[in-house]
Structure formats: C-alpha cells, structure tokens
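S.K.: After the structure tokens below, expect a handful of questions from me.
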Amino acid sequence: MSYIWIAPFIVIAIYVGSELIIPEKKWYITTVFLILMTIFEILIFLDPLGSFNFVPPKGGSGTALIDYNVKLTSPAGIFMIIFIASTVLFLGVMTLIRAIKTTGDLRKKFLLLATGMFLYAIFGFMESLTELGFLLIPVRIGYISGPIFMYFALKE
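So that you can map any letter, position 92 of the sequence shown is 91 in our numbering, and since no number is skipped, the others follow by simple counting.
This is the structure:
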C-alpha cells in the first residue's frame, strides 16, 4: 500500500514549508497535520477495502498489477482531498506569495518551490483520486516533475 507513505511525506512537507513561510508557528501547524495524518493512517489500515477502489488482476498467476485509487466518498478519500487542498493552499499559495514579496535569487527559488508544490499536488490528486487509463503516463511525468522543481529550489 503506497498510500501509507502519504502521511509522513505531507507532514515533512508541511514542516519544511511552515519553516520557510511561518517559522514561529511551525510546531502548531505541524502538530495539527500530524494528528490528522495519524487518523488517516488508522482509517486506511482499519478499512482498506472501504477506502480504495481496485480492479482485481485478470488471470490467476499473481503477476499482474493491481490498479487502485482512493474512494472519494470514504473517510480516507475525504481526508485525501483535505490534505491535497491544504497542501496547495498552504504550501503552494503561501510560497507563491513569499516569492512575489522577495527579489533576486530568493524569488527564483520560491517560484521554483511553488511550481513544484502545485505540480506535485495537482498531479498527485489526479493520480490518487481518479482512474487515469491512457492519461497515466502524462500524469506520472507531471507528478515526477514536481519534486524535481522542489529539488532545484532547495539545493544550494
């Protein structure tokens, strides 16, 4: 279940983002997300079949891949929507506002970081909450490009 890694990564992203944007309130913000992520993890472990849509693989060999995504109407799906929306609003928009207020190299870094946040959140939303079919490859390329932008923003 790759969705178990969403909670730690979002908590780390919120911690880093709040350190850059609102350092004096980073522990309050991170604590709220840590509590919400703990609830999310409990939900997906207690009710995995109610939290995810998946198509069983055809054939009995056990070598086929299982395609699954989060059910939007399940509690885990609602938490996912909240996490993605808050990531876009808090990290993406606040980083973009910080980029507008600064100049020079710092502005470039904040713009790259905001672009990476937007790409990662939007394409992550598309990947985890919808069935993509033939759009899987372009969505994965967009999904992978988000952390690349973030890397170039954060490297020295």
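A virtual CB, placed ideally from N, CA and C, is assigned to each residue, including glycine.
Going by the C-beta, is V15 closer than 8 angstroms to any heavy atom of the ligand MG?
M.R.: No copy of the ligand MG appears in this structure; indeed no ligand is present at all.
S.K.: Quick check: what's the CA-CA separation for I3 versus L19?
M.R.: Counting from one through the sequence shown, the residue named residue 3 turns up at place 4. Counting from one through the sequence shown, the residue named residue 19 turns up at place 20. Answer to the nearest angstrom: the Cα atoms are 26 angstroms apart.
S.K.: Among D104, E126, F151, K100, which has the Cα closest to the Cα of G198?
M.R.: What is shown of the chain runs 0 to 155, which leaves residue 198 out entirely.
S.K.: Give a yes or no on whether the C-beta atoms belonging to F82 and F39 are separated by under 9 angstroms.
M.R.: For the purposes of this step, residue 82 is taken as residue 83 along the sequence shown, with counting starting at 1. For the purposes of this step, residue 39 is taken as residue 40 along the sequence shown, with counting starting at 1. The answer is yes: Cβ separation under 9 angstroms.
S.K.: What are the uninterrupted segments assigned as alpha helix (DSSP H) that are 4 or more residues long and contained completely in the region 11 to 81, given in chain order?
M.R.: 25 to 45, 47 to 50
S.K.: Would you report the Cα separation of L45 and A75, rounded to the nearest angstrom?
M.R.: As a first step, residue 45 must be located in the sequence shown, where it is residue number 46. As a first step, residue 75 must be located in the sequence shown, where it is residue number 76. When rounded, the distance between both Cα atoms is 11 angstroms.
S.K.: Please state whether DSSP places K154 in a helix, a strand or coil.
M.R.: Your numbering for residue 154 matches position 155 in the sequence shown. Correct three-state label for K154: coil.
S.K.: Go through its chain and collect everything with a Cβ distance to S127's Cβ below 7 angstroms, but skip five positions before and after it.
M.R.: In the sequence shown, residue 127 corresponds to position 128, counting from 1. Excluding positions up to five away in sequence, the list reads N68, V69, M79.
S.K.: Check whether the Cβ atoms of I28 and I21 sit closer than 9 angstroms, and answer yes or no.
M.R.: As a working mapping, residue 28 is identified with position 29 in the sequence shown. As a working mapping, residue 21 is identified with position 22 in the sequence shown. Result yes, Cβ atoms of I28 and I21 sit closer than 9 angstroms.
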